[in-house]
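K.L.:
Going by the numbering used here, the first residue of the sequence shown is number 33, and it counts up by one from there. The beta-carbon is built from N, C-alpha and C at its ideal position, and this holds for glycine as well.
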Amino acid sequence: MTETTTTRTRGPRIPFSFELYPPKSEAASTALTHTIDRLAAAGPDFISVTYGANGSSRTSSLDVLRYILDATGVDPMAHLTCVGSSAAEASRLIREFLDAGVRSFLALRGDPPQGIDEGETFLGDLGSAAELVQLIHRVQAERVPYRETAIPGLPGARAVKTDREKVRIAVAAFPNGHPRSRSTSQDIDTLLAKQAAGANLAITQLFFHADHYLSFIQRAREAGVEFPILPGIMPVTSPNRLRRILELSGEDEPADLSIQLQVEPTEQGQREIGITHAVGLARELIAGGAPGLHLYAFNQHETVLAVLEGCGAIPASAPHAATQLTAAQRTAHR
Ligand code: FAD
33 MTETTTTRTR
43 GPRIPFSFEL
53 YPPKSEAAST
63 ALTHTIDRLA
73 AAGPDFISVT
83 YGANGSSRTS
93 SLDVLRYILD
103 ATGVDPMAHL
113 TCVGSSAAEA
123 SRLIREFLDA
133 GVRSFLALRG
143 DPPQGIDEGE
153 TFLGDLGSAA
163 ELVQLIHRVQ
173 AERVPYRETA
183 IPGLPGARAV
193 KTDREKVRIA
203 VAAFPNGHPR
213 SRSTSQDIDT
223 LLAKQAAGAN
233 LAITQLFFHA
243 DHYLSFIQRA
253 REAGVEFPIL
263 PGIMPVTSPN
273 RLRRILELSG
283 EDEPADLSIQ
293 LQVEPTEQGQ
303 REIGITHAVG
313 LARELIAGGA
323 PGLHLYAFNQ
333 HETVLAVLEG
343 CGAIPASAPH
353 AATQLTAAQR
363 TAHR
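Here you go:
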């Protein structure tokens with residue numbers, strides 16, 4: 033991710049990206065293409081697509097990535113997990129995604145299936161995301177397409193030009209610690225190992241307070257982590273969604289947001305609370321020097337575009353105007 037200096041009337045451009053998951057039905061698939069078109073029109077740096085545990089979504093993830101690449105021209109980022117795979121299987125998977133034109137990856141170890149302990153042989157050949165990062169580089173380096181061209185003045189002679197493209201390899205970072213990590217220093221050590229393996233970007237697990245991200249960045253920089261670390265922002269638009277993501281991520285409950293969502297009786301009101309919270313968080317992160325914003329979109333465009341609009345990352349006249357922040361919300365965050 034490069035910090036761009038392209039200026040809009042409001043100042044330097046704030047890079048942003050989105051995360052989607054593969055659809056689970058035909059109807060969801062049709063709806064998702066519409067969502068992708070709307071997200072792409074906002075001009076993201078990339079759109080990432082999650083990967084189901086143990087390859088359960090390989091085909092549907094690839095279909096979504098192909099649509100992003102072919103229909104929108106936005107850079108698609110493939111999440112890949114390696115837990116439970118042999119090195120040969122993981123190499124085949126990486127080659128398949130590269131052959132489809134994917135050049136950006138989020139390399140993850142993935143969670144062991146329920147009931148399987150860390151250390152079981154089932155966990156596969158690759159013990160960590162850092163090993164997957166190395167493997168992606170290795171597989172990419174082995175696929176060296178080349179072109180032969182005539183050499184002027186030397187009839188019959190051919191010059192060989194290699195065309196080794198660089199891949200972008202992102203990794204996960206955990207501002208509040210990975211649930212299985214023994215200490216905060218282990219999380220930083222893990223990030224350093226991913227950097228040493230060749231990762232060039234990190235995306236964080238969701239969090240609810242800007243200082244959790246900002247203090248993590250400070251510790252990571254002091255330890256020698258150099259690549260950009262994008263904050264992952266999830267607008268939480270209902271008490272049920274909050275409950276579910278706390279279960280999945282292991283994050284502590286944000287008491288203020290939780291209470292606000294519970295006392296608000298209407299869905300629209302809850303949605304506005306979630307957007308307002310995410311806008312406030314995004315603004316603090318940008319002010320604190322975050323290199324961009326990565327938004328968990330839950331396969332819907334309205335909410336995340338409203339957040340970007342609210343924090344000034346996209347203009348208020350963006351084409352999703354149907355669901356913009358209310359004037360009161362915008363004023364509250366100025
Ligand atoms: P690793 O970084 O390899 O770490 C796993 C554990 O081992 C941690 O406790 C870590 O501290 C420890 N560890 C790793 N390396 C070392 C080392 N060198 N020394 C000591 N300890 C070490 N899951 C999916 O199944 N599909 C997805 O699409 C997906 N997308 C995600 C997107 C984001 C932005 C994030 C933050 C997470 C995502 N996950 C996804 C969840 C992820 O798979 C889990 O968090 C998983 O438990 C860890 O993956 P990891 O890549 O962080 O593993």
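Specify the secondary structure class of residue 333 as computed by DSSP and reduced to three states.
P.N.:
If DSSP states are grouped into helix, strand and coil, residue 333 belongs with coil.
K.L.:
Looking at the unbroken alpha helix (DSSP H) that takes in residue 271, where does it start and where does it end?
P.N.:
271-281 is the span of the alpha helix (DSSP H), which, as asked, contains residue 271.
K.L.:
For residue 258, which of helix, strand or coil comes out of DSSP?
P.N.:
Correct three-state label for residue 258: coil.
K.L.:
Quick one: residues in its chain with C-beta nearer than 7 Å to the C-beta of residue 161, no 5 flanking neighbours on either side, listed in chain order?
P.N.:
Excluding sequence neighbours, residue 161 sits near 139, 140, 141, 203, 204, 226.
K.L.:
Check whether the Cβ atoms of residue 320 and residue 262 lie closer than 7 Å to each other.
P.N.:
No; because the gap between Cβ atoms is not below 7 Å, this pair is not in contact.
K.L.:
Kindly indicate which three-state DSSP category residue 370 falls into: helix, strand or coil?
P.N.:
Within the shown structure, residues of the chain are numbered from 33 to 366, placing residue 370 beyond reach of any answer.
K.L.:
Tell me the residue span of the beta strand (DSSP E) that contains residue 99.
P.N.:
Premise fails: residue 99 lies in the alpha helix (DSSP H), 90-99, not in any beta strand (DSSP E).
K.L.:
Considering only DSSP beta bridges, list what residue 265 is partnered with.
P.N.:
The partner list for residue 265 (beta bridge, DSSP) reads 327.
K.L.:
Extract the residue ranges of the beta strand (DSSP E) inside the region 39-74, only unbroken runs of 3 or more that lie entirely within it.
P.N.:
You should have 48-52.
K.L.:
Taking the CB atoms as reference points, tell me whether residue 107 and residue 80 lie closer together than 7 Å.
P.N.:
Contact: no.
K.L.:
Evaluate contact between the region 331-340 and the region 92-103, counting only Cβ atoms and requiring at least three cross-stretch pairs below 8 Å.
P.N.:
Because the criterion of three Cβ pairs below 8 Å is not met, the region 331-340 and the region 92-103 do not touch.
K.L.:
Would the C-beta of residue 83 count as close to the ligand FAD, meaning under 6 Å from any of its heavy atoms?
P.N.:
Because some heavy atom of the ligand FAD lies under 6 Å away, the Cβ of residue 83 counts as near it: yes.
K.L.:
May I ask which residues mark the beginning and end of the alpha helix (DSSP H) holding residue 221?
P.N.:
Its alpha helix (DSSP H) spans residues 216-229.
K.L.:
For a quick check, are the C-beta atoms of residue 76 and residue 64 less than 7 Å apart?
P.N.:
No; because the gap between Cβ atoms is not below 7 Å, this pair is not in contact.
K.L.:
Using 7 Å as the threshold, is the C-beta distance between residue 293 and residue 271 below it?
P.N.:
Yes.
K.L.:
Measure the CB-CB distance between residue 208 and residue 244 and report whether it falls below 7 Å.
P.N.:
Yes. Within cutoff.
K.L.:
Whole angstroms are fine: how far does the CA of residue 131 sit from the CA of residue 238?
P.N.:
Taking the straight line from one Cα to the other gives about 31 Å.
K.L.:
Restricting to Cα atoms, I'd like to know which of 118, 113, 100 is closest to residue 134.
P.N.:
Nearest option by C-alpha distance: 100.
K.L.:
How big is the Cα-Cα spacing for residue 314 and residue 265?
P.N.:
Straight-line Cα distance between these residues: approximately 8 Å.
K.L.:
For residue 190, which residues of its own chain have a beta-carbon under 6 Å away from its beta-carbon, when the five flanking residues on both sides are left out?
P.N.:
Counting only Cβ-Cβ distances below 6 Å, and skipping sequence neighbours, we find 180.
K.L.:
Use the C-beta contact count for residue 155: other C-beta atoms within 10 angstroms, 16 or more gives buried, fewer gives exposed.
P.N.:
Looking at its Cβ environment, which holds 16 or more other Cβ atoms inside 10 Å, residue 155 is buried.
K.L.:
Considering only the beta carbon of each residue, do residue 169 and residue 230 sit closer than 7 Å?
P.N.:
Taking 7 Å as the Cβ cut-off, residue 169 and residue 230 qualify as a contacting pair.
K.L.:
In whole angstroms, give me the CA-to-CA distance for residue 217 and residue 281.
P.N.:
Distance between the alpha carbons of residue 217 and residue 281: 19 Å.
K.L.:
Where does the unbroken beta strand (DSSP E) through residue 138 begin, and where does it stop?
P.N.:
Residue 138 -> beta strand (DSSP E) spans 136-140.
K.L.:
Comparing C-alpha positions only, which one of 112, 129, 126 sits nearest to residue 143?
P.N.:
The shortest C-alpha separation from residue 143 is found at 112.
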